[in-house]
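As structure tokens, the structure follows; a few thoughts come after it.
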Amino acid sequence: MIVLNSHADVTTTVYRNDFTRNWYKLNDVNGRSISDILERPEAFPVEFDIVRGADTSTGALRVRANNRSYYAYGVESILGLSFGGAATRNEFEFGIRYHKDQEDRFQHDDRYRMSGGRMILTQGGAPGSSDNRLGDAKAWAFFIQDEISAGRWTFTPGLRYEHVELVRTDFATTDPARNAPTRVRTNTVGVLIPGVGVTFSLTPAVGIFGGVHKGFAPPGPGSTQETDAESSINYEFGVRTQGAPLQAQVVGFFNDYDNLLGRDTLSAGGSGSGLLFNGGKARIYGLESSFNSDLRRLWDANLSLPVRFSYTFTRAEFRSGFASEFEPWGTVASGDDLPYVPNHQLSVGIGFGRSNWNVDFESNYVGAMRTRAGSGHIPLLFSTDARWVLDTAAEYGLTERARLFVAIQNIANNEYVVARAPAGARPGLPRTFSGGIRFNLGF
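Just so we're aligned: 171 in the numbering used here is position 180 of the sequence shown, and the numbers increase by one with no gaps anywhere.
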């Protein structure tokens, strides 16, 4: 940050992130997807026996190396201006940001056979022979915002402009050197994104607030011309209190989607193309609440007793019908619930601590939710499990700069289904222990 004078400053941020991963996993058995085999084992008895360890012919198991690398970098600069008189005060921000990112897919398939309960490689795939492509995005963003304070009122109007250029470059799966692309698809999106927030102070500690903001997401590299940008209008209204002994907030929200985007990913049960597609109109609404307090005033002044509570109720439903090859959506009718959105989420926590140690307990509840769009009763095979999970963590200060910590997640070792994609039911985290030492280097 550079302070120009008592009323102006400039903050500039430069960033870069690089990430590489290779998700090496069983893709199919005898050409049958793992989802189909596990969902209907009676229809694929041979393949189901193979999944359980039976011997196979050469190359019956295909394992995909989802080898991908990513980078993102950019620069953002914000000019802040403040001025005001006896009745009002203005805090202006003018910002500009340039952002560039890329996804590099260079995937291949290996073939295995099963023998005596062991997977044996029979044919290695050539790098890039399964998927060989680049997805690039470049964006400019400009925004202006003014926080206007007048007595008990605070108004925060803002306007943002986004210009996004998207490019997908495909190479032949027989061209690992990427000498010449087989196809290049481009798309350009420009959008104005307005919003406004309002706060009114009932007392110095209690205020009510609300806001209306436009939501936006670009369609992604390689998407078809028919794929629209995601667009929504989002509303919120709530009340909050701050200060001892209680911090609390209750807020209602309503998100009205003119077009909801879905993404075809392996982790969501899709083909893994990564493409986005139209999901039509949808609405998501609900209530969020949170309460935090330290009850140390009821105890020895040297012992802190923080308590926490939060609850979220959510309804999410499609408001238009369509047919999709994306497994979690399928054929959708207006009024169907969105998959993987629980109606109820609850968290309760309590802690104990002194100056050099603390112990925390956290209990979380998530209700059952659909894994495929639909309405009415949720079929067992298209549902996750409702679950309560109890975690605990403790810390002890060894020195001013070093703290010993231990943690246990899922103390009761509850077993439950958290998803049914990809490839069938997925269990929650079992009882897990962790520990170590944290150092504060003080830089």
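Note that beta-carbon positions come from the ideal geometry of N, C-alpha and C, so glycine has one too. Please read these numbers as outputs of a predicted model, since none were measured by experiment.
Length of the line joining the Cα atoms of residue i and residue j
| i | j | result |
| --- | --- | --- |
| TYR6 | HIS154 | 19 Å |
| THR4 | SER68 | 6 Å |
| GLU406 | VAL357 | 14 Å |
| ARG23 | GLY107 | 22 Å |
| ARG151 | GLY271 | 24 Å |
| ASP40 | THR49 | 16 Å |
| TYR226 | GLY243 | 8 Å |
| PRO32 | PRO418 | 19 Å |
| LEU278 | ASP382 | 25 Å |
| ILE87 | VAL187 | 19 Å |
| SER374 | SER295 | 41 Å |
| ASP351 | VAL37 | 49 Å |
| TYR248 | ASN269 | 11 Å |
| PHE245 | GLY229 | 12 Å |
Residue nearest to residue i in terms of C-alpha spacing, selected from the options
| i | options | result |
| --- | --- | --- |
| SER192 | TYR89, ARG274, PHE146 and LEU237 | PHE146 |
| ARG361 | GLY344, ALA416, PHE343 and GLY340 | ALA416 |
| VAL197 | VAL241, GLU316 and THR160 | VAL241 |
| HIS204 | VAL189, PRO195 and ALA128 | VAL189 |
| ALA78 | ILE139, PHE39 and ARG31 | ILE139 |
| ALA45 | ASN21, ALA56, SER26 and ARG31 | ASN21 |
| SER435 | ILE87, THR232, ALA56 and ILE135 | The first residue shown for the chain is -8 and the last is 434, placing residue 435 beyond what the model contains. |
| GLN98 | ASN349, ASN81 and ASN58 | ASN58 |
| THR322 | PHE10, ILE135 and SER366 | SER366 |
| SER280 | PRO421, SER301 and PHE430 | SER301 |
Proximity below 8 Å, CB of residue i to CB of residue j
| i | j | result |
| --- | --- | --- |
| LEU29 | LEU52 | no |
| GLU94 | TYR61 | yes |
| VAL332 | ALA359 | no |
| PHE83 | GLY71 | yes |
| GLU221 | LEU251 | yes |
| ARG310 | ARG274 | yes |
| ASP161 | PRO148 | no |
| PRO319 | ALA364 | yes |
| ILE341 | VAL397 | no |
| PRO212 | ARG159 | yes |
| ASN283 | GLN336 | no |
| ASN347 | PHE304 | no |
| THR177 | ASN123 | no |
| TYR103 | VAL42 | no |
| PRO209 | ASP219 | no |
Coarse secondary structure for residue i, derived from DSSP in three states
| i | result |
| --- | --- |
| GLU386 | strand |
| PHE373 | helix |
| VAL357 | strand |
| PRO212 | coil |
| ILE402 | coil |
| GLU138 | strand |
| ARG59 | strand |
| SER26 | helix |
| PRO172 | strand |
| PHE317 | coil |
| GLU82 | strand |
| PHE39 | helix |
| GLU308 | strand |
| ALA220 | coil |
| PRO32 | helix |
Heavy atom of the ligand COA within 7 Å of residue i beta-carbon
| i | result |
| --- | --- |
| LEU337 | Within the structure as shown, the ligand COA is missing, as the structure has no ligands at all. |
Which residues DSSP lists as bridging residue i, in chain order
| i | result |
| --- | --- |
| PRO333 | Beta-bridge pairing links PRO333 to no other residue. |
| MET105 | MET110 |
| LYS129 | LYS91 and GLU156 |
| THR49 | Answer by DSSP bridge pairing: none, since THR49 is not bridged. |
| VAL241 | VAL230 and SER280 |
| TYR64 | ARG7 and LYS91 |
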